[in-house]
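Engineer: Chains as they are written, first to last, in our numbering: chain A, 1 to 259; chain B, 1 to 175.
Backbone N, C-alpha and C define an ideal beta-carbon position, used for all residues, glycine too.
Keep in mind the model is a prediction, meaning the values are calculated, not measured.
Below is one structure. I have some questions about it.
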């Protein structure tokens, strides 16, 4: 009776305990007559065990709340499921809170870091110029969405997604490319039934690829700014921070799940 | 979606472990896992229901990790490597106090990504070769040959770098 020659793959599978009993016995027999190879394989098995032990503590750690799957699914479901009247009621409530809240943010020491600060200023400045414009707030209107995506993506040098805020009561009006000190930026404008306008602003970051969401306020214009994947985003509007923050979270969620 | 929670939730600790082993930074790794879960929720209906979800979700995480590592590698370093003291380079490992066997972990981190990932997926995550092949999107033969090279290289790195507190005190050089 002849056995198949022992291959490197068999030795690997022996280390990983992936052989059937018969083949395993053949490998064991082979190693008994090849002590140098046996030593090498024993070392590989020992190193495999050490690797397991080295990383074992991670699985013992309690999961941080940000990794609660049930909560993430719930958060994703909620925006679409909330009835419009509840959103409106919340908005009225928050506008009152926000008038005070917007102010208090100034002194809270939550100023965003360097790159984000510049981005937030640029976004607020663009909002101040374009949002009050009744004649031509956007260059390309929402009907030509594909054209708008192509233009902004080309100028920013990377794909730009336009978030859908319809479930929060904001429709896309359109957008344009605007100038900043750090190169071209994409501006997308939204409005609700009462004509309140929001601006979503995006441009590549020169430093800091990922930065958490940070609030800012400038001349009564609130904003939330963050960076994901090297692209900086800012959602700005003359609405209360309490109303803007969930919208910013929603925008971020959409961008992340599309990437 | 309750099915998703049932199937995916038990895998989250292992996803964290893989991300942590690759990025060697707790916060960055957990961010990556969060991204991975967001994407998994969004694509849950697209997955093949007849397959185990483990390779599917590890593939999502793996691709995110590779994108992140590639981007980190492409970014110019603020200082030349020659100017960095050994202590600076060792710093990422020092962040990870919970990881034992620092020599082993640092030897692992010096392997090329394609070897490091296959070693972690097969040895630590205990994926089958077929599952690892699906995660890495390569043929099983490639998994096997990378695994061989990875084992040899890790073994060599550890043996060369042996110090009394490591697993091979008998290899210590006496001068």
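Return no unless some Cβ of chain B is closer than 8 Å to the Cβ of residue 192(A).
Structural biologist: For residue 192(A), the answer is no, since every Cβ of chain B falls outside 8 Å of its Cβ.
Engineer: Output yes if chain B places a C-beta closer than 8 Å to the C-beta of residue 242(A); else output no.
Structural biologist: It does not; no Cβ of chain B falls within 8 Å.
Engineer: Rounded to the nearest angstrom, what separates residue 81(B) and residue 73(B) at their Cα positions?
Structural biologist: Unreliable placement is indicated for residue 81(B), whose pLDDT of 42 sits below 50; the coordinate value is still reported in the next sentence. Approximately 13 Å between the Cα atoms of the pair.
Engineer: Going by beta carbon distance, what residues of the same chain come within less than 7 Å of residue 248(A), once the five residues before and after it are set aside?
Structural biologist: Result list for residue 248(A): 213, 224, 235, in chain order.
Engineer: Using a Cβ-Cβ distance under 8 Å, would residue 151(B) count as near chain A?
Structural biologist: Chain A contact via Cβ: present.
Engineer: Can you give, in chain order, each stretch of the alpha helix (DSSP H) that sits fully within the segment 25 to 70 of chain B and has at least 4 residues?
Structural biologist: Those alpha helix (DSSP H) runs which fall completely within the segment 25 to 70 of chain B and span 4+ residues are 26 to 43.
Engineer: Just mark residue 45(B) as buried or exposed, buried being the case when its beta carbon has 16 or more other beta carbons within 10 Å.
Structural biologist: Per the 10 Å Cβ criterion, exposed.
Engineer: Our contact map puts residue 9(A) next to residue 23(A) with C-beta atoms below 8 Å; I'd like the distance itself, whole angstroms only.
Structural biologist: With 8 Å as the limit, residue 9(A) and residue 23(A) do not qualify as a contact, their Cβ atoms being about 10 Å apart.
Engineer: Identify every run of the beta strand (DSSP E) within the segment 120 to 179 of chain A, keeping only runs that are complete inside it and at least 3 residues long; order them along the chain.
Structural biologist: Whole beta strand (DSSP E) segments, 3+ residues: zero.
Engineer: So with CB distances below 7 Å, who are the chain A contacts of residue 9(B)?
Structural biologist: Here the neighbours are 69.
Engineer: Might you give, ordered along the chain, the residues of its own chain that have their beta carbon closer than 8 Å to the beta carbon of residue 60(B), omitting 5 neighbours on each side?
Structural biologist: Hits under 8 Å: 36, 39, 40, 43.
Engineer: What residues from chain A crowd round residue 69(B), counting only those whose CB sits closer than 7 Å?
Structural biologist: Under the 7 Å cutoff, chain A gives no residues; its nearest Cβ is about 12 Å from residue 69(B).
Engineer: Between residue 75(A) and residue 169(A), what straight-line distance do the alpha-carbon atoms span, to the nearest angstrom?
Structural biologist: Their Cα atoms are separated by approximately 17 Å.
Engineer: Taking DSSP as the reference, what is the three-state secondary structure of residue 151(B)?
Structural biologist: DSSP places residue 151(B) in helix when its eight states are reduced to three.
Engineer: Who are the neighbours of residue 64(A) on chain B, taking C-beta pairs under 8 Å?
Structural biologist: Under the 8 Å cutoff, chain B gives 30.
Engineer: Less than 8 Å between the CB atoms is what I'm expecting for residue 186(A) and residue 202(A), so what's the real figure, rounded?
Structural biologist: Their Cβ separation, rounded to whole angstroms, is 5 Å, which keeps residue 186(A) and residue 202(A) in contact under 8 Å.
Engineer: Residue 138(A) and residue 195(A) - do their beta-carbons sit closer together than 8 Å?
Structural biologist: Contact flag unset, no.
Engineer: Taking the continuous beta strand (DSSP E) assigned at residue 222(A), which residues delimit it?
Structural biologist: Residues 221 to 228.
Engineer: Should the segment 142 to 156 of chain B be regarded as contacting the segment 114 to 132 of chain B, the criterion being three or more beta carbon pairs within less than 8 Å?
Structural biologist: Touching, per the Cβ criterion.
Engineer: Taking one C-beta from the segment 2 to 16 of chain B and one from the segment 244 to 258 of chain A each time, how about it: are there three or more such pairs within less than 8 Å?
Structural biologist: Verdict: no, contact absent.
Engineer: For residue 9(A), decide whether its Cβ has a neighbour in chain B, counting only Cβ atoms nearer than 8 Å.
Structural biologist: Chain B contact via Cβ: present.
Engineer: Taking contact to mean 3 or more Cβ pairs, one atom from each stretch, closer than 8 Å, check whether the segment 157 to 165 of chain A and the segment 119 to 131 of chain A are in contact.
Structural biologist: No: fewer than three Cβ pairs fall under 8 Å.
Engineer: Using a Cβ cut-off of 9 Å, pull out every chain B residue sitting near residue 260(A), in sequence order please.
Structural biologist: The shown model of chain A, from 1 to 259, leaves out residue 260(A), and the question about it has no answer.
Engineer: Can a CB atom of chain A be found closer than 8 Å to the CB of residue 135(B)?
Structural biologist: Not an interface residue.
Engineer: Starting from the beta carbon of residue 44(A), find every residue of chain B whose beta carbon is closer than 8 Å, and list them in chain order.
Structural biologist: Here the neighbours are 151, 155.
Engineer: Under 8 Å, with one C-beta from each stretch per pair, do the segment 148 to 161 of chain B and the segment 101 to 108 of chain B reach the 3-pair mark?
Structural biologist: Judged by Cβ distances under 8 Å, the segment 148 to 161 of chain B makes contact with the segment 101 to 108 of chain B, as three or more pairs qualify.
Engineer: Cα-Cα, which of 149(B), 113(B), 53(B), 71(B) is closest to residue 134(B)?
Structural biologist: Out of 149(B), 113(B), 53(B), 71(B), 53(B) has the C-alpha closest to the C-alpha of residue 134(B).
Engineer: Let me check one thing: in DSSP terms, what residues is residue 217(A) bridge-paired to?
Structural biologist: Answer by DSSP bridge pairing, in chain order: 222(A).
Engineer: Measure the C-alpha to C-alpha separation of residue 256(A) and residue 228(A) and round it to an integer number of angstroms.
Structural biologist: Roughly 8 Å separates the two Cα atoms.
Engineer: Go ahead and label residue 222(A) buried or exposed: buried means 16 or more other beta carbons lie within 10 angstroms of its beta carbon, across all protein chains shown.
Structural biologist: So residue 222(A) ends up on the buried side.
Engineer: Which class does residue 254(A) belong to by DSSP, given the choice of helix, strand or coil?
Structural biologist: In the structure shown, residue 254(A) sits in a helix (DSSP, three-state: H, G or I).
Engineer: Going along chain A in order, which residues have a C-beta closer than 7 Å to the C-beta of residue 35(B)?
Structural biologist: Going along chain A in sequence order, the residues near residue 35(B) (Cβ under 7 Å) are 256.
Engineer: Of the residues 210(A), 64(A), 237(A), 184(A), which one's Cα is nearest the Cα of residue 199(A)?
Structural biologist: Checking every option, the nearest Cα to that of residue 199(A) belongs to 237(A).
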